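Protein chains in written order, with my numbering: chain Z, 169 to 533; chain X, 169 to 533.
Backbone N, C-alpha and C define an ideal beta-carbon position, used for all residues, glycine too.
Here the structure is a predicted model, which is why all the values come from computation and not from measurement.
Protein chains: 2
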Amino acid sequence: MATTTTARIFNFSAGPAVLPLEVLEQAQRDLVSYPGIGMSILEISHRSKTFDEIIQGCEADMRTLANIPPNYKVLFLQGGASLQFSMVPMNLLPAGGSADYIITGAWSQKAAKEARRVGAVKVAASTEGEKFTRVPRQNELTLDPNAAFVHMTSNNTIFGTEWHDLPDVGGVPLVSDMSSDIFSGPVDVSKFGLIYAGAQKNLAPAGVTIVIIRDDLLQRSAPSLHTMLNYAVHAENQSLYNTPPVFTIYVMRLVMAWLLKHGGLRAIDAVNTRKAEKLYAEIDRSGFYRGHAQKDSRSRMNVTFRLPSEDLEKTFAKEATGAGLDGLKGHRSVGGMRASIYNAFPEAGVDALVEFMREFERKNG
Amino acid sequence: MATTTTARIFNFSAGPAVLPLEVLEQAQRDLVSYPGIGMSILEISHRSKTFDEIIQGCEADMRTLANIPPNYKVLFLQGGASLQFSMVPMNLLPAGGSADYIITGAWSQKAAKEARRVGAVKVAASTEGEKFTRVPRQNELTLDPNAAFVHMTSNNTIFGTEWHDLPDVGGVPLVSDMSSDIFSGPVDVSKFGLIYAGAQKNLAPAGVTIVIIRDDLLQRSAPSLHTMLNYAVHAENQSLYNTPPVFTIYVMRLVMAWLLKHGGLRAIDAVNTRKAEKLYAEIDRSGFYRGHAQKDSRSRMNVTFRLPSEDLEKTFAKEATGAGLDGLKGHRSVGGMRASIYNAFPEAGVDALVEFMREFERKNG
Chain Z
169 MATTTTARIF NFSAGPAVLP LEVLEQAQRD LVSYPGIGMS ILEISHRSKT FDEIIQGCEA
229 DMRTLANIPP NYKVLFLQGG ASLQFSMVPM NLLPAGGSAD YIITGAWSQK AAKEARRVGA
289 VKVAASTEGE KFTRVPRQNE LTLDPNAAFV HMTSNNTIFG TEWHDLPDVG GVPLVSDMSS
349 DIFSGPVDVS KFGLIYAGAQ KNLAPAGVTI VIIRDDLLQR SAPSLHTMLN YAVHAENQSL
409 YNTPPVFTIY VMRLVMAWLL KHGGLRAIDA VNTRKAEKLY AEIDRSGFYR GHAQKDSRSR
469 MNVTFRLPSE DLEKTFAKEA TGAGLDGLKG HRSVGGMRAS IYNAFPEAGV DALVEFMREF
529 ERKNG
Chain X
169 MATTTTARIF NFSAGPAVLP LEVLEQAQRD LVSYPGIGMS ILEISHRSKT FDEIIQGCEA
229 DMRTLANIPP NYKVLFLQGG ASLQFSMVPM NLLPAGGSAD YIITGAWSQK AAKEARRVGA
289 VKVAASTEGE KFTRVPRQNE LTLDPNAAFV HMTSNNTIFG TEWHDLPDVG GVPLVSDMSS
349 DIFSGPVDVS KFGLIYAGAQ KNLAPAGVTI VIIRDDLLQR SAPSLHTMLN YAVHAENQSL
409 YNTPPVFTIY VMRLVMAWLL KHGGLRAIDA VNTRKAEKLY AEIDRSGFYR GHAQKDSRSR
469 MNVTFRLPSE DLEKTFAKEA TGAGLDGLKG HRSVGGMRAS IYNAFPEAGV DALVEFMREF
529 ERKNG
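If you want it as structure tokens, here you go:
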């Protein structure tokens, strides 16, 4: 195992993203023969006691971490947040009803597009006119008190914006796509009707999607729904209606244990704040770098910034990669740079990027 | 790495199932730092060159192995065969049309149940009256020449039956759920309109589903379909519409390379035949064991058999587990024993089971 920690670079990728090194090392140790069972974690039955312990342990750790109330179910699904764009309205939007969507970026738009296949969608607000550089303010929201639910995207990976305070949606169930900032800090689950998240940023490798749903909402899932698209079926079967992605859930369990071991969501919140502040301070320092997001909507997970020219941006990306800082090229719809610094991204990598930015400005400013 | 091969037992589980040891060892070596990229395979972007090479290499090996014609697309999806039960009729069954389903077990029944949510289903044949101990004969099939497709299940995991010859369905597209016997021997893909398979028996760990579809059938996917449920969208995007299960596809690539290295589908066919014949010969030897499947429908992947009493079956399962032969308890709907001996199951494990069966009969017969 002496070679395992060699040659790791700093991976700023937007997702799939960096995982804790100790999680990777644990997964590696157990990969061929999981202790006590004589087979690989890749080979075990999802009906085995070993897997029961893994999935139940994962859920228990998640409940402890986020203080998930007992009247919420945790589901382990497949298909990514993209399939949730469909499953949310299929299950929660009754015939003749309508849902409010808050549009803060490409993912919200995709979510609303799928919802329109199911029923009526009202746009409660959109910041597209400002190139999605911020999330809306409370007084900009046009909310329907009879909406089946309000949909929001808590963090916008592409634009680098994040809600700092939850919108007040009255008694209407709030549904949030938290794929890119789930468990980056404390979350009051009781404020939500449903939370969903693809795992591949803050939870696990790609291949599993978490849904946390208030149990009264399960009654909305019509029996006519296709079985695999029905939340109530997955809840009744403890996410074992069919074969779940065993290995991915196992790694998620290791990540949850890692979060608990290191102090839980309050502790990671402090680290994430510190990491993001270091980068934003550098962006704000001289004017050479320009942040894409407005200050009151800045994301702690995805830090987006531009340089004085596209040529300099190309040079920056290339030289950064050469310096072991990988994945910094921004999404094509925003341009520039994007540093994704999820929970598992090491603070030393942020320090290295800040150092690189200063040096780059000194040479090119 | 000295400990990696220790303490492996023989895993007769129906799926997730055993993987080749050399595949596990390779995955273990690369787990923390994939050669040349400085990050784990669990962390790489699905938009990276490394992953392009993996998914394209996997598909290329699959095409070589099964001689997949160029007018067929290979899709890498999520949700298991269970989601395909819905996606097949959603995409292929037009409004007002009907589909023929051949019912040979619990999985066929589930597939037909989901199809009825989409449109008309005609049961072309069912062997339920014979407790699914065989697949139907050609002259028992009632086929509608105007059917949108004919659906079959090539191997019935629970009952231990398998089609030895394909049904003749004329010009109607044949759709086959091959989850439990895909690539267990040569397959003439050109005989099918669509093949689907959950990976966790013969292809990879749980978490990815393969769809091989004749490209003219993609025209049936209506634009009104939900994006993630639309074959045409996945085909247009080379299975990268959203984040695929990166690691699982990587392991599948290793399994495909393993199959090629060991002689391809003809070679594995010979091994699978030999393994199954050893077990069936033992079942037929004395009458102490009774096979569930009729001889002309016996599965080479799942060998189901009963003992003279349920008490003896319990003792058999318990003692077998104690002897390092795990996962032999049959499905509750059939009872008795089930030995799942997929591609990666070692012949030495079959020999050990035959030895154990003889010894058990000697003591209890």
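Exercise. Indicate whether N259 of chain X and R382 of chain X have their beta-carbon atoms separated by less than 8 Å.
Key: no
Quiz item: With distances taken from CA atoms, which of Z:T411, Z:S454, Z:G459, Z:S201 is nearest I326 of chain Z?
Solution: Z:G459
Quiz prompt | Nonlocal neighbours in the same chain, by C-beta distance under 6 Å from V318 of chain Z, ignoring five residues either side | solution = D268, V337, V340, L342
Practice problem: Measuring alpha carbon to alpha carbon, tell me which of Z:M525, Z:A292, Z:I378 ends up nearest R305 of chain Z. | Solution: Z:A292
Exercise. For E330 of chain X, write down the residues that DSSP places opposite it in a beta bridge.
Key: The partner list for E330 of chain X (beta bridge, DSSP) reads X:N323.
Quiz item: Per DSSP, what kind of secondary structure is V401 of chain Z in: helix, strand or coil?
Solution: helix
Quiz item: If you scan the stretch 420-483 of chain Z from start to end, which runs of the alpha helix (DSSP H) of 4 or more residues do you find wholly inside it?
Solution: 432-454
Quiz prompt | Below-8 Å beta-carbon distance, V419 of chain Z vs any chain X residue | solution = yes
Exercise. Examine chain Z for any beta-carbon lying closer than 8 Å to the beta-carbon of R506 of chain X, and answer yes or no.
Key: No, R506 of chain X lies away from the interface with chain Z (no Cβ there is under 8 Å from its Cβ).
Practice problem: Could you pull out every unbroken beta strand (DSSP E) segment of at least 3 residues lying fully inside the stretch 203-251 of chain X, listed in chain order? | Solution: Whole beta strand (DSSP E) segments, 3+ residues: 240-245.
Self-check item: Short CB-CB distance (under 8 Å) between N410 of chain Z and chain X
Solution: yes
Quiz prompt | Limits of the unbroken beta strand (DSSP E) element including M346 of chain X | solution = DSSP places M346 of chain X in no beta strand (DSSP E); its state is neither H nor E.
Practice problem: Using a cut-off of 7 Å between C-beta atoms, extract the partners of I177 of chain X located in chain Z. | Solution: Result: G206, M207.
Quiz item: Is L408 of chain X near the ligand ATP, with its Cβ less than 7 Å from a heavy atom?
Solution: Absence of the ligand ATP from the depicted structure is noted, as is the absence of any ligand whatsoever, leaving it without description.
Quiz item: In the DSSP assignment, what residue or residues form a beta bridge with V518 of chain X?
Solution: Per DSSP, none; premise fails for V518 of chain X.
Quiz prompt | Start and end residues, alpha helix (DSSP H) containing A195 of chain Z | solution = 189-197
Quiz item: In chain Z, which residues lie with their C-beta within 7 Å of the C-beta of R285 of chain X?
Solution: Neighbours of R285 of chain X on chain Z, chain order: S392, H394.
Quiz prompt | Y418 of chain X (DSSP reduced to helix, strand or coil) | solution = Helix, per DSSP.
Exercise. Note down, in chain order, every chain Z residue with its Cβ under 9 Å from the Cβ of I212 of chain X.
Key: Chain Z residues near I212 of chain X: N179, S181, P184.
Self-check item: Limits of the unbroken alpha helix (DSSP H) element including L280 of chain Z
Solution: The residue asked about is misnamed: residue 280 of chain Z is Ala in this sequence, not Leu. Per DSSP, A280 of chain Z belongs to the alpha helix (DSSP H) from 274-283.
Quiz item: Are D349 of chain Z and M424 of chain Z closer than 8 Å when you measure CB to CB?
Solution: no
Quiz prompt | Span separating the alpha-carbon of R421 of chain Z from that of S294 of chain X | solution = 43 Å
Quiz item: Buried or exposed: which applies to P188 of chain X, given that a residue is buried once 16 or more other Cβ atoms fall within 10 Å of its Cβ?
Solution: buried
Quiz item: What span of residues does the beta strand (DSSP E) with Y269 of chain X cover, start to end?
Solution: 266-271
Quiz prompt | Nearest to L521 of chain X (by Cα), restricted to the options X:A449, X:I222, X:S467 | solution = X:A449
Exercise. Take the Cβ of T472 of chain Z as the centre, count every other Cβ of all protein chains shown within 10 Å, and call the residue buried at 16 or more, exposed below.
Key: Buried, since its Cβ has 16 or more Cβ neighbours within 10 Å.
Practice problem: Report the three-state DSSP secondary structure of A170 of chain Z (helix, strand or coil). | Solution: Confidence at A170 of chain Z is low in this model, with a pLDDT of 35, below 50, so its placement is unreliable and the value that follows should be read with caution. Looking at A170 of chain Z - three-state DSSP - the assignment turns out to be coil, as it is neither helix nor strand.
Quiz item: What is the rounded straight-line gap between the Cα of K369 of chain Z and the Cα of A185 of chain Z?
Solution: 5 Å
Quiz item: By DSSP, does N410 of chain Z sit in helix, in strand, or in coil?
Solution: coil
Self-check item: V414 of chain X: contacting residues in chain Z (beta-carbon distance under 7 Å)
Solution: P184, P373, A374
Self-check item: As assigned by DSSP and simplified to three states, the class of N179 of chain X
Solution: strand
Quiz item: What separation, rounded to the nearest whole angstrom, lies between the Cα atoms of E227 of chain Z and V242 of chain Z?
Solution: 7 Å
Quiz item: Just checking my contact of I378 of chain Z with L371 of chain Z at CB under 8 Å: how many whole Å lie between their CB atoms?
Solution: 7 Å
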